[in-house]
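**Q** Got a structure here, written out as structure tokens. Questions coming.
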Amino acid sequence: MARLRTLRGVLEPNNFRRLIVDDGRYLNGMKVKSFTVWSPSMTIGVAAAGFGVLTYSAAIPTTANAANTSQFAWSAWGLDTVGNVASPFSVIDPDHVIQQDMFIHAIGAQLSYLIVLEEIEMTPPQAVLQLTKAVTID
0 MARLRTLRGV LEPNNFRRLI VDDGRYLNGM KVKSFTVWSP SMTIGVAAAG FGVLTYSAAI
60 PTTANAANTS QFAWSAWGLD TVGNVASPFS VIDPDHVIQQ DMFIHAIGAQ LSYLIVLEEI
120 EMTPPQAVLQ LTKAVTID
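Note that the sequence shown covers residues 0 to 137 in numbering that gives the first Met the number 0.
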């Protein structure tokens with residue numbers, strides 16, 4: 000049975016938080032299984048939207064850009080002036096492994112977030128490959 004961990008909190012607009020997942024064992028890693036964001040203070044009658052990005056880097060992204068290899072998960076929400084929540088979405092790159100740190104970025108609005116991680120074990124060659132991927136994209 001896979002071991003799951005959750006990370007949750009609130010992040011101010013256009014800010015980031017370092018989320019440490021490194022346990023000191025390089026053969027262990029984490030995969031994001033789900034990533035959800037929403038507004039902690041939605042107000043009826045006020046249109047708003049925001050998105051969150053998970054990255055290997057503290058560099059603040061200006062867009063949710065799949066071509067940027069430091070980004071590996073994206074989630075967004077929206078609210079119209081009537082109070083309807085637009086269909087939230089979340090996209091997670093299935094070929095990522097976090098061995099050290101990841102960063103969450105709030106773009107455009109204050110965000111509440113919930114991230115579910117699954118612990119995985121790797122072979123030494125897999126671990127070296129994943130460490131190299133995370134370092135070379137900075």
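No residue lacks a Cβ here, since even glycine has one placed at the ideal position from N, Cα and C.
Do the stretch 33 to 45 and the stretch 76 to 89 make contact, defined as three or more Cβ pairs closer than 8 Å?
**A** Yes, they touch.
**Q** When you compare each of L26, R24, G23, L116 to L53 by their alpha carbons, which one comes out closest?
**A** The residue with the shortest Cα to Cα distance from L53 is L116.
**Q** What I want to know is whether the C-beta of V36 ends up closer than 7 Å to one or more non-hydrogen atoms of the ligand ATP.
**A** The ligand content of the structure shown is nil, which means the ligand ATP is not present either.
**Q** Which same chain residues end up closer than 7 Å to E11 when comparing Cβ atoms and leaving out the 5 residues on each side of it in sequence?
**A** Excluding residues within five positions, the ones whose Cβ falls inside 7 Å are A105, Q109.
**Q** Around the C-beta of R4, are 16 or more other C-beta atoms found within 10 angstroms, so that it is buried, or is it exposed?
**A** It is exposed - the Cβ of R4 has fewer than 16 other Cβ atoms within 10 Å.
**Q** Using DSSP with H/G/I as helix, E/B as strand and the rest coil, what is Q70?
**A** Strand at Q70.
**Q** Can you find the residues in the same chain that come closer than 6 Å, C-beta to C-beta, to V20, ignoring five residues on each side of it along the sequence?
**A** Taken in chain order, the residues that qualify are M29, I97.
**Q** Taking the C-alpha atoms as reference points, what is the distance between S111 and V9?
**A** Looking at the two C-alpha atoms, the distance is approximately 4 Å.
**Q** Assign S69 to one of two classes, buried (16 or more other C-beta atoms within 10 Å of its C-beta) or exposed (fewer than that).
**A** With 16 or more other Cβ atoms within 10 Å, it is buried.
**Q** DSSP three-state call for T122: helix, strand or coil?
**A** It is coil, neither helix nor strand.
**Q** Measure the beta-carbon distance from D100 to L18 and round it to whole angstroms, keeping in mind my assumption that it falls under 8 Å.
**A** With 8 Å as the limit, D100 and L18 qualify as a contact, their Cβ atoms being about 7 Å apart.
**Q** Taking the CB atoms as reference points, tell me whether S38 and G49 lie closer together than 8 Å.
**A** Contact: yes.
**Q** Less than 8 Å separating the beta-carbons of I119 and F34?
**A** No; because the gap between Cβ atoms is not below 8 Å, this pair is not in contact.
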